[in-house]
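Structure record follows, encoded as structure tokens.
In this note's numbering, the protein residues as written are 85 to 324.
What follows is the structure, encoded as structure tokens:
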């Protein structure tokens, strides 16, 4: 039998997946407050704010939450969306420049440590065992990613330094994904007993998760790097 994931509940089955929406009142209230902040013009970039809200609804409200109780690959997808899509959108929408920008190297390193920590089998299992632990996992992943993206997207940061930070992040996540792919045995006991309903063995689910982290996760960072490089070239073009 699979472990019970404290927040998202029992592992979703194919027959009930589309009925497994998360209607936690506290979560919905928090998202409503976020929507109010964006709608009231307190966001520096409203489109980024609405996109971040939509993606947070996907990872926390939609059936992806229940699916991530069943499959490690779904949980990794959840984390990728959180740190590689929601976080940069939040950094655009709520950069809070008055707070200043943290030094780039420490925030990139701290984010890497947090990502590796929460994907180690022991902390991962603990992080899904209770509601406080679950939200500690989510807030530290998202918070460290937001701090990193704030620094990467800071208007005063040189493009070369930002690109190096993105490359370093792609590298560490790719290495973690490769280690997960090539692990000789399943490591994430939370999902034991729940993968069969989805036609996967625990090891196949783990390998799929590693591939997602290795390949899929790099796309947002590559896109951001290309955007930064292109923006830098456009700024340097001489006026006609």
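All C-beta atoms in this analysis are idealised placements derived from N, C-alpha and C, irrespective of residue type, glycine included.
This one's a predicted model, so the numbers in the text were calculated from it and none came from an experiment.
For residue i: DSSP bridge partner residues
i, result
"residue 89", "93"
N-terminal and C-terminal residue of the alpha helix (DSSP H) that residue i is part of
i, result
"residue 163", "156 to 165"
"residue 255", "243 to 265"
"residue 208", "205 to 211"
"residue 232", "215 to 236"
"residue 195", "188 to 202"
"residue 274", "It is not in any alpha helix (DSSP H) - residue 274 carries neither H nor E in the DSSP assignment."
"residue 125", "From DSSP, residue 125 is part of no alpha helix (DSSP H); its letter is neither H nor E."
"residue 105", "Taken as a continuous stretch (DSSP letters only), residue 105 belongs to no alpha helix (DSSP H), as it is neither H nor E."
"residue 176", "171 to 177"
Helix, strand or coil at residue i according to DSSP, with G and I counted as helix
i, result
"residue 112", "helix"
"residue 289", "helix"
"residue 315", "helix"
"residue 145", "coil"
"residue 294", "helix"
"residue 359", "Given that the chain is displayed from residue 85 to residue 324, the structure contains no residue 359 and the question cannot be resolved."
"residue 305", "helix"
"residue 185", "coil"
"residue 135", "helix"
"residue 151", "helix"
"residue 323", "Residue placement at residue 323 is poorly supported in this model, since its pLDDT is 45, which falls under 50; the coordinates still yield a value, given next. Coil."
"residue 269", "coil"
"residue 284", "coil"
"residue 99", "coil"
Pair within 9 Å by beta-carbon distance, residue i and residue j
i, j, result
"residue 89", "residue 146", "no"
"residue 270", "residue 276", "yes"
"residue 225", "residue 167", "yes"
"residue 227", "residue 218", "no"
"residue 307", "residue 254", "no"
"residue 100", "residue 177", "no"
"residue 171", "residue 243", "no"
"residue 186", "residue 231", "yes"
"residue 256", "residue 200", "yes"
"residue 335", "residue 133", "Here the chain comprises residues numbered 85 to 324, so residue 335 is not present and cannot be evaluated."
"residue 229", "residue 188", "no"
"residue 252", "residue 288", "no"
"residue 91", "residue 215", "yes"
Hey, is the stretch 290 to 297 in contact with the stretch 145 to 157, meaning 3+ C-beta pairs nearer than 8 Å?
Put simply, the stretch 290 to 297 touches the stretch 145 to 157. At least three CB pairs are less than 8 Å apart.
*Three-pair Cβ contact test at 8 Å for the stretch 180 to 194 versus the stretch 228 to 235*: Because the criterion of three Cβ pairs below 8 Å is met, the stretch 180 to 194 and the stretch 228 to 235 touch.
Quick one: any contact between the stretch 127 to 144 and the stretch 161 to 175, if contact means 3 or more CB pairs under 8 Å? Put simply, the stretch 127 to 144 touches the stretch 161 to 175. At least three CB pairs are less than 8 Å apart.
query: Is the stretch 126 to 138 touching the stretch 94 to 101 in the sense that three or more CB pairs, one from each, lie closer than 8 Å?
result: Contact check between the stretch 94 to 101 and the stretch 126 to 138: fewer than three CB pairs, one atom from each, fall below 8 Å, which does not count as touching.
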